[in-house]
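I have placed the structure first, in the form of structure tokens, so that the comments after it can refer back to it.
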């Protein structure tokens, strides 16, 4: 079950919430609770970084929505670090968490937080490290250990447990990432996005922190978001979000405008309905500008997307860099 919690209308719910760029650019969280096991990869030098994610059989894998909880944890850790406090273990009241994330307080919300903590604690991230022919396959969980604190109250004549706070001990990778301080703040509209595709697109493009206009091939964008549909379906879904249809208003990627391009006619953006070969399809993102009907800039003049990643954050995942995927 994904963490689809009721959201309040607060205009400032994501003011301080952010995440590590590696967690944003790599698909490390399932887009569906049925996606029990999957492998993600990322180019690193002449080879690729491979990771295998495996969810608990009963609880399922940590999902894209569960990542929001982990982002809150990382943000809180960085705040504690800046205050000179020990941030390896943190205890947070449930009311603080819900308030910070703009989630209405309810029994359903408490239950969802419980399930999220369970999935983050049980999901395994497998890595493979090899040196001079000797290697080891290991795994870690996003949360090393957790405690959920509650009080017993009489509700409608029945004694019920009510969550009051939680104590989290993050995995070593999260602790080290907080130490290094790599951090990208989420836009204010991110947590209102209902589409996980749009959430993933926003996360991927937000890791490009050096340029306000850039391009990315459709096939690269699909791989980064973790979308496993056909290229035709991907473009159709993206068009439906950006242009809107059937009387539904469009859903833009927060703080970005998106324009489709084709290598066949690179002088300016093309129509969303244009027939374009997948390998010739590009998308151009313009940060801080409203969406318009077209973009009159030549494709060749636009630099390519390049995520700003801390090499230590990426390499410290402990994966073996190889030309071909290893048996994890």
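In the numbering used here, the protein residues as written are 4 to 331. Each residue gets a CB set at the ideal place from its N, CA and C atoms; glycine is no exception. No experiment lies behind these values; they were computed from the predicted model shown.
- Residue 54 has 43 as its beta-bridge partners, per DSSP.
- In the DSSP assignment, residue 265 falls outside any alpha helix (DSSP H) and lies within the beta strand (DSSP E) extending over 259 to 265.
- If you look at residue 176, you'll find it in the alpha helix (DSSP H) that goes 175 to 183.
- Exclusion of the five residues before and after residue 294 leaves 245, 253, 255, 260 and 261 as the residues of its chain whose Cβ lies within less than 8 Å of its Cβ.
- DSSP places residue 301 outside both helix and strand once states are collapsed to three, so it counts as coil.
- For residue 156, the secondary structure class from DSSP, reduced to helix, strand or coil, is strand.
- Within the same chain, Cβ atoms closer than 7 Å to the Cβ of residue 147 are found at 172, 173 and 174, the five residues on either side in sequence being excluded.
- With a cutoff of 8 Å on beta-carbon distance, residue 307 and residue 222 are scored as not near each other.
- The alpha-carbon separation between residue 234 and residue 37 amounts to approximately 21 Å.
- In this structure, residue 80 sits away from residue 209, with a CB-CB distance that is not shorter than 8 Å.
- It is roughly 18 Å from the alpha-carbon of residue 207 to the alpha-carbon of residue 35.
- Between residue 120 and residue 169, the gap from beta carbon to beta carbon is short of 8 Å.
- Comparing C-alpha distances from residue 66 to each of 186, 107 and 124 shows the shortest one belongs to 124.
- Cβ atoms of residue 264 and residue 218 come within 8 Å of each other, at about 7 Å.
- Here the alpha carbons of residue 197 and residue 100 stand approximately 20 Å from one another.
- DSSP places residue 218 outside any alpha helix (DSSP H); the residue lies instead in the beta strand (DSSP E), whose first and last residues are 216 to 220.
- In summary, residue 23 is buried, with 16 or more beta-carbon neighbours lying within 10 Å of its beta-carbon over all protein chains present.
- For the set 114, 96, 122 and 179, the Cα lying nearest the Cα of residue 84 is the one of 179.
- Here DSSP, grouped into helix, strand and coil, assigns residue 32 to coil.
- DSSP places residue 102 within a helical segment (H, G or I) once states are collapsed to three.
- Residue 211 counts as buried, since no fewer than 16 other beta carbons sit within 10 angstroms of its beta carbon.
- Judged by their CB atoms, residue 272 and residue 297 are nearer to each other than the 8 Å cut-off.
- As summarised for the stretch 194 to 243, the continuous beta strand (DSSP E) elements at least 3 residues long and confined to that stretch are 216 to 220, given in chain order.
- Ranked by Cα distance from residue 87, the options 151, 181 and 74 are led by 181.
- In the assembly as shown, residue 97 is a buried residue. Its beta-carbon has 16 or more other beta-carbons within 10 Å.
- The three-state reading of DSSP puts residue 85 in helix, counting H, G and I together.
- At a Cβ-Cβ threshold of 8 Å, residue 287 and residue 215 do not count as neighbours.
- DSSP, reduced to helix, strand and coil, places residue 186 outside both helices and strands of the structure shown, so it counts as coil.
- Minimum Cα-Cα distance from residue 199 among the listed residues 230, 239, 183 and 185 corresponds to 230.
- The beta-carbon distance between residue 32 and residue 69, rounded to whole angstroms, is 6 Å. This is short enough to meet the 8 Å contact definition.
- It is roughly 34 Å from the alpha-carbon of residue 228 to the alpha-carbon of residue 166.
- The closest CA to that of residue 191, considering only 183, 185 and 205, is found on 205.
- Distance from the Cα of residue 301 is smallest, within the candidate group 184, 280 and 267, for 267.
- Residue 232 has its alpha-carbon roughly 10 Å from the corresponding atom of residue 238.
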